[in-house]
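Position 309 of the sequence shown, counting from 1, maps to 309 under the UniProt record's numbering, and the rest follow consecutively. Each remark here refers to the structure printed beneath this line.
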Amino acid sequence: MAASTTINLQPPVTNSGNVLRMLDACSKGDIETVRHLITVENPLYASLQDETTGQSPLMVAAAQGHLPLVQLLLEAGAPWNAVDRNGQCAGNYATDHEKWQVINFLVEWGTRAELILGAAQREQQTVGLPFHSSSTSSTTTSSTIPEAHQPSTKPDYLRQPLRYNNDSSALLDADNDAVMMEWERPLMKAHAQILMEQVSPADTATYKKRVLNVGFGMGIIDTALQELGPSLHIIIEAHPDVYKHMLQQKWDQKPNVRICFGRWQDVMPALIQQGVVVDAIFFDTYGEHFMDMEDFHQIMVKMLSKPHGIYSFFNGLAPDNLFFHGVACQCVKLQLAQLGLEAEFLPCQIQVDEKAWDGVRRKYWHGRDTYYLPRVTWNPQAVHGTLVAEQQEGKNKHSPTKQDLEVVAMEVDAKRPRV
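Here it is in structure tokens:
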């Protein structure tokens, strides 16, 4: 998953005297001194960071729990997402010191900032202007940014060769970054169980769910889904090397499996046109931007059955910083709410052996033992009016036949750019 919260990697203003004055005032909660420094002397003082430690006034104020001072600094332009030399932001400082009011305020501020930034980027995209996926300056090169903070979007992913390593414990791209790894298996099983749980009041003894997975990778979640016996199991996979591997493993011959080879951006509109509806959807693509995930949600809701459909995704949002991860999850939650969906994040315990990363260029999971599994369902109030309207208009979705899906696959394959 490419989605990540923007991290401020701009070089800090370095004036040791002013840094010490600001840090000292913030540690004491001296809001009048801070206000004088940023309004009378220089507003850039709000963004100062210590050259040695990387600490900022906002970090110190957050650690001390001085909420009015935190608000003043943010309103003066202090970046909420600046990190110190250890990769910690003001939200991490507040969390470490259990300053809950400050934590909540920073989450709200960061979420609002990210949503505004996302809207601005989307507007730039709409009018054909380029945009940057992080706040890193255009003069900053990947060689000067720590690998953990480098953008994970890879527009050329489908043109890169992929390889499964010798013990089949990882799928790697041309940069030796991992597309998927074996340690994810317990998480994928948990996702599959959530997706396939019976929440309908209908006769659950005979009903078998229809499920869609976007992104096969190593086939871990698809294996788990197969074990739970779906009546229809659609898999969308865009990379030719992975698709070849699927055919070698005879996935096209497994019970009720239908493979759609192509980008979800092409496949899903074709499926919708055929009237395909599923009860559960899982999303786990690679190398895409956060806005791609937003676009997916806009399309996904047209395929998810009402009122008992369930959606989930691999939660690799901002994996290198727990606070940024929380902000990113809140952004997704709010975006899904606008579509009539309710999101909750269920804590799952997970441990990854450091040896698992041998041969992998950079981690996409950073030592945390808790994974927050998204479980997304329809908001009953939001969906009720839609169901009534559909019933009145006689919009009855039919289950797709094998012939329907074969037609879709052929249409998408004809449109797919050759790589």
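We put the beta carbon where it would ideally sit given N, CA and C, even for glycine.
Under the 10 Å beta carbon count, W100 is surrounded by fewer than 16 other beta carbons and is classified as exposed. In this structure, S305 sits near V278, with a CB-CB distance shorter than 8 Å. Sequence-distant Cβ neighbours of I31 in its own chain, meaning closer than 7 Å and more than five residues away, are P68, L69 and L72. Linking Q338 to A328 through their CA atoms gives a straight-line distance of about 16 Å. Comparing alpha-carbon positions, the option among D266, K363 and P186 lying closest to E354 turns out to be K363.
Its Cα nearest to that of Q193, the residue L373 stands out among W251, L232 and L373. With a contact defined as Cβ atoms closer than 8 Å, I234 and F216 miss out at about 11 Å. Boundaries around I221 are those of the alpha helix (DSSP H), I220 to E227, since no beta strand (DSSP E) includes it.
Excluding residues up to 5 positions away in sequence, R375 lie with their Cβ nearer than 7 Å to the Cβ of E344 in the same chain.
Note that the region 211-228 touches the region 181-189; at least 3 beta-carbon pairs, one per stretch, sit closer than 8 Å. Restricting attention to Q349, E184 and Q88, the CA atom closest to the CA of D320 is found in Q88. When G262, G359, H97 and L195 are compared, the shortest CA-CA separation from Y243 is found for G262.
Beta-bridge partners assigned by DSSP to H233: V211 and V257. For R35, the enclosing alpha helix (DSSP H) has its first and last residue at I31 to H36. In this structure, the CA atom of D266 is about 54 Å from the CA atom of R35. Ranking A94, S231 and H245 by CA distance to the CA of E237 puts H245 first. Checking the DSSP bridge columns, you'll see S312 partnered with F282.
For N213, the closest of D177, S168, G275 and A280 by C-alpha to C-alpha distance is A280.
Between D84 and G54, the beta carbon gap of about 3 Å places them in contact (Cβ cut-off 8 Å).
CA-CA distance, K254 to L247, rounds to 11 Å.
P347 has Y372 as its beta-bridge partners, per DSSP. Just measuring C-alpha positions, the residue of P307, I220, G326 and Q273 sitting nearest D284 is I220.
With a threshold of 16 other beta carbon atoms within 10 Å, N81 meets it and is buried. Straight across, the Cα-Cα distance linking Y286 with E108 is about 28 Å.
By the 16-neighbour rule on beta-carbons within 10 angstroms, R258 is buried. Remark: C-beta atoms of L228 and M196 approach each other more closely than 8 Å. In the three-state reduction of the DSSP assignment, L172 falls in the strand class, which pools E and B. Following the DSSP letters along the chain, one finds M180 inside the beta strand (DSSP E) bounded by residues A178 to M181. In chain order, Q265 place their CB closer than 8 Å to the CB of D295, counting only its own chain and leaving out the 5 sequence neighbours on each side.
In the same chain as N18, and ignoring 5 residues on each side of it, the C-beta atoms closer than 7 Å to its own belong to Y45 and L48, in chain order.
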